[in-house]
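Per this note's numbering, the very first residue in the sequence shown carries number 21; after that it's consecutive. For glycine and all other residues, C-beta sits at the position ideal for the given N, C-alpha and C. Note that the structure is a prediction, hence the values are computed from the model and not measured.
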Amino acid sequence: MRAMLDVALHCSVELVARSEIAGRQELSADYVAHLFRRLRDAGLVLGVRGPSGGYSLARTAESICIGEFVRAVEGPSAAADCVLSVQEHPCPRIAQCAAHQVWMRLSGIMAEFLDSSTLADLCGDARNLALEDSTLRL
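What follows is the structure, given as structure tokens:
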């Protein structure tokens, strides 16, 4: 999430270099490359190779919901494994399990929350935090 936020905050003028993202976010450059391959495959960022290359958003920050990039990097998520429909070995108790219903509802709430906030919202939060704490690096 931090790497995607970094691009959104810095790509308005030029491409954001992998090394810059890695440095600001204290991540390895290889890990940033790994993340951005997934984000590019999901159509969320554009990548340009070469010495003057880097990343930019493929769409506006207002049109990218947080859930999109979380799912692109992490894959499907749920409050418990039994909720994931792609599970290889489903729990044999699902039909009679009250706890499964709780995990289903909670997973739905989590997905709704992530899909109701945009990258632009996250950028606004980061800018507000930076105004409150001048030691924060954007």
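Residues that DSSP places opposite residue i in a beta bridge
i: threonine 138; result: Cys85
i: leucine 66; result: Ser76
7 Å CB neighbourhood of residue i in its chain, flanking five on each side removed
i: arginine 20; result: In this structure the chain extends from 21 to 158, so residue 20 is not present and cannot be described.
i: leucine 55; result: Ala23, Val93
i: alanine 49; result: Arg38, Ser39, Ala42
i: isoleucine 114; result: Cys102, His120
Element boundaries [alpha helix (DSSP H), containing residue i]
i: glycine 43; result: 38-45
i: aspartate 153; result: No alpha helix (DSSP H) holds aspartate 153; DSSP gives it neither H nor E.
i: methionine 24; result: 22-30
i: valine 52; result: 49-61
Close-in-space but distant-in-sequence residues of the same chain around residue i (CB under 8 Å, 5 per side omitted)
i: leucine 64; result: Met24, Leu77, Ala78, Arg79, Ile84, Glu88, Phe89, Ala92
i: valine 52; result: Ala23, Arg38, Ile41, Ala42, Gln45
i: valine 103; result: His120, Trp123, Met124, Ser127
Proximal residues to residue i (C-beta, below 6 Å), its chain only, five neighbours per side dropped
i: alanine 140; result: Ala81, Glu82
i: leucine 66; result: Ser76, Ala78
i: leucine 134; result: Ile86, Gly87, Val90
i: alanine 100; result: Trp123
i: methionine 21; result: none
Residue i CB to nearest heavy atom of the ligand SAH below 7 Å
i: glutamate 94; result: In terms of ligand content, the structure shown is empty, and the ligand SAH therefore cannot be addressed.
Exposure of residue i, with buried meaning 16 or more beta-carbon neighbours within 10 Å
i: histidine 30; result: buried
i: alanine 160; result: The structure shown does not extend to residue 160, since the chain is modelled only from 21 to 158, so the question has no answer here.
i: alanine 28; result: buried
i: leucine 142; result: buried
i: aspartate 26; result: buried
(request) Let me know the alpha helix (DSSP H) ranges lying completely inside the stretch 101-127, each 4 residues or longer, listed in chain order. (result) none
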